[in-house]
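Before any comments, here is the structure.
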Amino acid sequence: MLIKNFCVAEFCISPSSSLREALKIIDLRSFQFVLVTDKENVLLGVVTDGDIRRALLRDASLDSPVSLVMNTSPQVTVEGESRIAMIRRMKEQEIHFLIKVNNDRRVLGIIRFSDLVVSPIRTNPVVIMAGGKGSRLGTLTDNCPKPMLFLGKKPMLEMIIESLTGYGFSNFYLSVNYLKEHIIDYFGNGDKFGVNIQYLHEERPLDTGGSLGLIEPLPKEPLLVMNGDIFTDLDFGELLDNHHTSGVDATLCLREVSSQIPFGVVDLSESGLVTAIREKPRTTYMANAGIYILNPAVLSIVPKGEPYAMTTFMEDIIAKGKKLGSHIVDGLWIDVGRPEDFEQACQLVIDDSKVK
988 MLIKNFCVAE FCISPSSSLR EALKIIDLRS FQFVLVTDKE NVLLGVVTDG DIRRALLRDA
1048 SLDSPVSLVM NTSPQVTVEG ESRIAMIRRM KEQEIHFLIK VNNDRRVLGI IRFSDLVVSP
1108 IRTNPVVIMA GGKGSRLGTL TDNCPKPMLF LGKKPMLEMI IESLTGYGFS NFYLSVNYLK
1168 EHIIDYFGNG DKFGVNIQYL HEERPLDTGG SLGLIEPLPK EPLLVMNGDI FTDLDFGELL
1228 DNHHTSGVDA TLCLREVSSQ IPFGVVDLSE SGLVTAIREK PRTTYMANAG IYILNPAVLS
1288 IVPKGEPYAM TTFMEDIIAK GKKLGSHIVD GLWIDVGRPE DFEQACQLVI DDSKVK
């Protein structure tokens, strides 16, 4: 999602500016605050109309400098914070705006709560892979398909659809196989959820990507594809916008993962001499996050009605000379594949409901 940034200069004053000057800007711009910055546009603080009123009640003069009353620790956001994370933070702290700054705290813009909650209408189709059995979850999925496991008061699949509709998506394909009646009976055609839902029926398991070959007719716009067991606060609008601007044929979402080797690792020279010993080193690598954007043209690669893994699909895209881009998922992301992952996701939903 591209967030609207206002002309910064219109909202900035120097620390020596008077309360009177601050009030003029507040009245002129119909906002309830001004930003206090230095000559390099570095954020020093914020002054609200409430700060000014309280200062006047303490016998301050309208000619007093704003530096005497400004809040020197205002709420800021930097590049990379997701839309969902910003919305959650603004709700928790009951604030109506965030100041966008760079790493040097130079002001880049102002983000209002209203800018975040109103999304453009996106006609791009969304495919959610919901046909897997979820064997790693044991008895939890004996009588329930994994995407229909409840996280709090709603099935995980419903929470995914709700999150995507918050970014303006409304056209969904659900790939179904295992206990598919549970999913179809619950969601129907999507009317009661305010969306349009069609089903891709796998007559036999088609792996993680084979159901894409069942889409007819092919979409005219890039489609978003994701696994039905991903619990995330990813900004899907930003993901799609970045795909459009990058000029690639497909985008693969990545998640930074680290693992620790439980032994001391020994480095050897060519002659067999020990050159270093590293005790239980930790390795960091980028892993497939199970979320993709695909241009319609690459769907012709997918075989019709045959099992086909998404990893194989990505490899085939590269092999055919197509451009495969990447998008880092740096916020909340849980692959709900094991009982402990399911418990973690459930606890996050419970904690979030307590905050609200």
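Our numbering puts the first residue of the sequence shown at 988, with every later residue one more than the last.
By construction, the Cβ of each residue, glycine as well, lies at the ideal position given by its N, Cα and C atoms.
If you look at residue 1186, you'll find it in the beta strand (DSSP E) that goes 1183–1188. Annotation for residue 1034: the continuous beta strand (DSSP E) segment containing it runs 1030–1035. By the C-beta criterion, the region 1249–1257 is judged not to be in contact with the region 1275–1284, since fewer than 3 inter-stretch pairs fall below 8 angstroms. Apart from sequence neighbours up to five positions away, the residues of its chain that approach residue 1051 with a beta-carbon distance below 8 angstroms are 1005, 1006, 1042, ordered along the chain. Contact annotation: residue 1163 and residue 1197 have beta-carbon atoms that are not nearer than 7 angstroms. Contact between residue 1061 and residue 1086 is confirmed by a C-beta separation of about 6 angstroms, below the 8 angstroms threshold. When the beta-carbon positions are compared, residue 1286 and residue 1201 stay at least 7 angstroms from each other. Relative to residue 1319, the option among 1292, 1217, 1195 whose CA is nearest is 1217. The Cβ neighbour count for residue 1033, taken over all protein chains shown within 10 Å, is at least 16; the residue is labelled buried. For the region 1081–1169, the full-length alpha helix (DSSP H) segments reaching 4 residues or more read 1100–1104, 1143–1152 along the chain.
At least 7 angstroms separates the beta-carbon of residue 1317 from that of residue 1282. Around the beta carbon of residue 1157, 16 or more other beta carbons lie within 10 angstroms, which makes this residue buried. Its Cα nearest to that of residue 1221, the residue 1150 stands out among 1186, 1150, 1172. In the structure shown, residue 1055 adopts helical secondary structure according to DSSP, grouped into three states. For residue 1311, the uninterrupted beta strand (DSSP E) segment begins and ends at 1311–1315. DSSP, read as helix, strand or coil, puts residue 1202 in coil. Each residue's CA atom was taken as its position, placing residue 1016 and residue 1010 some 10 angstroms apart. In chain order, 1273, 1274, 1275, 1276, 1313, 1314, 1315, 1316 place their CB closer than 8 angstroms to the CB of residue 1241, counting only its own chain and leaving out the 5 sequence neighbours on each side. Taking the CA atoms as reference points, residue 1209 sits about 15 angstroms from residue 1304.
If you draw a straight line from the Cα of residue 1256 to the Cα of residue 1267, it comes to about 20 angstroms.
The Cβ neighbour count for residue 1189, taken over all protein chains shown within 10 Å, is at least 16; the residue is labelled buried.
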